[in-house]
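Residue numbers (my numbering), protein chains in the order written: chain U, 1 to 651; chain B, 1001 to 1338.
All residues carry an ideal CB built from backbone N, CA and C; glycine is no exception.
Just so we're clear, the structure is a prediction, and the values are computed from it rather than from any experiment.
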């Protein structure tokens, strides 16, 4: 392959950003200086080693974005030269992610959540106020058009769910520069927006480290440990003795390996090594643990399938691309108990013969990424990770990969493409990840919460663990309760609680208000009515009620919410987040949104009943013929709102 | 703080293309049932190939024998008993005991909707066979509302991922836009693009290894683009035209054909002559397309084992000298005779 490069050189800043990640180039063959430019063509003779680093592409693009505030042609071409990626391919990747800007943009960006849970807490009104105060939202300028950018400026944009539903309305702020800063903002207000737009220091600041494109927390150097504990101190059940998954969150310093060890940390890893890989898998099978990311696949079965694959190496991925609207449990675990995730990944890697694991954290979780990086570094330094773990000869490495604004990358095969440096498009199954996953090799993909159960299972034993909850839904479960409840947050219960109990735990709707509908399982889940509160929140209970637990989302809507607007938002979400690969989803999500808008504006083609029939038909084709779960569930919530809750009845 | 760089990772090896031919050599066979007919095929045969073996017709758009199946268009879906969703027959391998239905209500529904979704958003006027399928599946693309007018050039490329304008309820959104004519050899008419990925595969790993184009953008705004959306002459394109050869809709078209269609002088039924390309020692088979005694286009047969439909810029576009009657050309010819 001949790389066709249009530009001679990147800017100094761009070069610095990329070199800080990849190291200095070794020669002209990988982007270094050369004396004799040959017609703009660089021949990559023997460039295989260069091309093998393509998996650094997204990290390199993120590094450019963090340093310069946008991803320019010269920057992309330099990355291409460094990694042997054709510029057209890199352009395809750069234009896939919402957190990357391929046109010049002010260095400070406020991403204001416009999604369903935040809308219950006034996000729509907040956005109107911000629009009045700061002007219209930032939009891409057409290609080639000259844009002037204020080097000290701030722009704002709407954002899909930021996983901060317990602190709604939320925002995410990015400040580009040598010392790049990113942070989630809780309880966003127009005053906060105005302050941030006029240069206020970003709260809970996270600095982009210069060498890996990962983050280092500033709070860790602070002597005041209450700042270090950050926002996760606010989990409502903090410190309750019944907690298992959340027992350390907000109680044990997430940045201290000593505190982790003193609270039973790494006991499970020692135990796992003692009993051996096969026994660990047996215990996980006996525990009947089901995946907590939404698909509810038996974890032990998945591990067993990978462990027995002959092809090597095997890979492990911890899926922390939590982006399902209404979901924030994984953020709480990453922020609040990162060592437990490192330990669980190490056990999983050991059990399934992986020597390398990735934790793919959504781009909007800077604190979680910083805490995980810190936990990985500390664990390695103390011999719990890396080569020769605990002197046993076992090797396991963890690398962080960060998303850049794409819900689809949480899909278990899209995550492979994203890590490999391709567009985050899902792959067709079969082959399944256990056979051909990351880099075409056997891969375990587990959700953060799923992994958080592993140390419990290893220490308690699979059978005792399975006695928690119900016969078919075992163990403790995290539910993300948000929307119009008085105490939103992550709640841990043994499987078996009803929807009513969970809502009561979260304080129910405000006094004087009535419950209108509940969304279970997120945007890909289903709405149920206030008459269905006795649904048991177990896999089998939800299935029997023709509902789903999904990722453990419970969003309550009271009688102040315009449900039609919520449906429009969900339709808009899927239209935005469809990767565009397959026809049913790419066009179907557009037709779905159009039909809902026609109904909402009282301009239906041939009457509302006909429009609903059209929605049903498009929805069925998306469900039946889309490549992945996104398209297959893009109509699920809307369908249930229409046919189960009767949201459009008055139209 | 230390960062681990545990070195390069193994690159994904693309599997061999599942063409019928290559699969016939497999030693083991599987027996499956397609529409109540039992059929035995070599292991690894796709469901589509097995269907074709027994004469069951399946419509395809993004599938081509010479390319890796990307199973993106979903028109070839079939129902496999026991599977939760429909499966793309073009890429799914036949399995022992598989029971396949190619004409069930679910299959017909999804195919009809795929046709409606495509035909309501894309200009399919030069897509062969699609009119027949639209009739056969009773697809009614107009039921989503009148098609939106063309977007000004450059606006679709400028859409930011994860953001879009509120829909205009007067219209059904389309990919309509002006044709891109930025070179003498071929036209890119993306109003006709169904995003089948074939041109990207042909330009990249499957055939040409040039990687001048890729899919850019996301969702409905996804589109085929050169690097930074630059005009073709500024891109990595080498004008082999192998993308034109695989395009199923006429979105990529030789300029000669495009101009003749615009003038109304093009005829789909025209004479073709197979010959050998005169330029180099490879000896690619050329199919010359002739209308009114003039060569109007050159292609190569997809089933040709040497070319698999591919040519280079010379074979595909360098035939004009044959009929160049200008004085300058006569001069060259005269000089050459000395």
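_Please report the distance separating the alpha-carbon of residue 255 of chain U from that of residue 320 of chain U._
19 Å
*Alpha-carbon to alpha-carbon, residue 175 of chain U and residue 8 of chain U*: 28 Å
*asked:* Can you tell me which residues form a DSSP beta bridge with residue 492 of chain U?
replied: U:478
*Specify the secondary structure class of residue 1101 of chain B as computed by DSSP and reduced to three states.*
strand
*Can you tell me the Cα-Cα spacing of residue 1065 of chain B and residue 1242 of chain B, whole angstroms?*
14 Å
*Does the pairing of the stretch 641 to 648 of chain U with the stretch 518 to 534 of chain U give three or more beta-carbon distances under 8 Å?*
yes
*Can you name the residues that DSSP bridges to residue 1077 of chain B?*
B:1088
*Is residue 350 of chain U buried or exposed, if buried means 16 or more other CB atoms sit within 10 Å of its CB?*
buried
_Our contact map puts residue 1211 of chain B next to residue 81 of chain U with C-beta atoms below 8 Å; I'd like the distance itself, whole angstroms only._
Actually they do not touch by this definition, with Cβ atoms about 14 Å apart.
_Residue-chain proximity (residue 581 of chain U, chain B), Cβ-Cβ < 9 Å_ = yes
*Taking the alpha helix (DSSP H) that residue 416 of chain U falls in, what are its first and last residues?*
414 to 420
*Using a beta-carbon distance below 9 Å, is residue 1033 of chain B in contact with chain U?*
no
*Look up residue 156 of chain U in the DSSP assignment and say whether it is helix, strand or coil.*
strand
*Given residue 1194 of chain B as reference, the closest of U:628, U:182, U:241 and U:584 once Cα atoms are compared*: U:584
*Do you know whose CA, among U:648, U:637, U:576 and U:615, lies nearest residue 1117 of chain B's CA?*
U:615
_Relative to the C-alpha of residue 1177 of chain B, which candidate in B:1189, B:1170 and B:1166 has its C-alpha closest?_
B:1189
_Taking the alpha-carbon of residue 1173 of chain B as reference, which of B:1308, B:1224 and B:1119 has the nearest alpha-carbon?_
B:1119
_Nearest neighbour of residue 1048 of chain B, chosen from B:1217, B:1310, B:1093 and B:1299 [CA to CA]_ = B:1093
_Along the chain, where does the alpha helix (DSSP H) containing residue 597 of chain U start, and where does it finish?_
583 to 600
*Could you tell me which of U:332, U:444 and U:491 sits nearest to residue 242 of chain U, measuring between CA atoms?*
U:491
*Taking three-plus beta-carbon pairs below 8 Å as touching, is the stretch 466 to 473 of chain U in contact with the stretch 431 to 450 of chain U?*
no
*Residue closest to residue 395 of chain U, alpha-carbon to alpha-carbon, out of U:449, U:314 and U:426*: U:314
*Compare the C-alpha of residue 1054 of chain B against each of B:1215, B:1276, B:1041 and B:1074 and name the closest.*
B:1041
*Along the chain, where does the beta strand (DSSP E) that runs through residue 1289 of chain B open and close?*
1285 to 1291
*asked:* Is the separation between the beta-carbon of residue 1097 of chain B and that of residue 1185 of chain B shorter than 9 Å?
replied: no
_Please tell me whether residue 357 of chain U and residue 404 of chain U are closer than 9 Å, where the distance is taken between their beta carbons._
no
*What's the gap between the Cα of residue 429 of chain U and the Cα of residue 518 of chain U?*
32 Å
*Identify which residue in B:1200, B:1263, B:1059 and B:1269 has its Cα closest to the Cα of residue 1130 of chain B.*
B:1059
_Inter-residue spacing [alpha-carbon to alpha-carbon] between residue 265 of chain U and residue 83 of chain U_ = 39 Å
*Along the stretch 611 to 629 of chain U, what residues have a CB closer than 8 Å to any CB found in chain B?*
614, 617, 618, 620, 621, 623, 624, 625, 626 and 627
_Within a Cβ cutoff of 7 Å, which residues of the same chain sit near residue 485 of chain U, ignoring the five residues on either side of it in sequence?_
503, 506, 507, 508, 509 and 556
_Distance cutoff 9 Å, beta carbons only. Does residue 1310 of chain B sit that close to anything in chain U?_
no
*asked:* Short of 7 Å Cβ to Cβ, which residues in the stretch 82 to 99 of chain U face chain B?
replied: 86, 87, 88, 89, 91, 92, 95, 96, 97 and 98
*Starting from the Cα of residue 618 of chain U, find the closest Cα among B:1255, B:1114 and B:1236 and give me that residue.*
B:1114
*Rounded C-alpha distance that separates residue 1083 of chain B from residue 1101 of chain B*: 12 Å
_Whole angstroms are fine: how far does the CA of residue 620 of chain U sit from the CA of residue 1085 of chain B?_
10 Å
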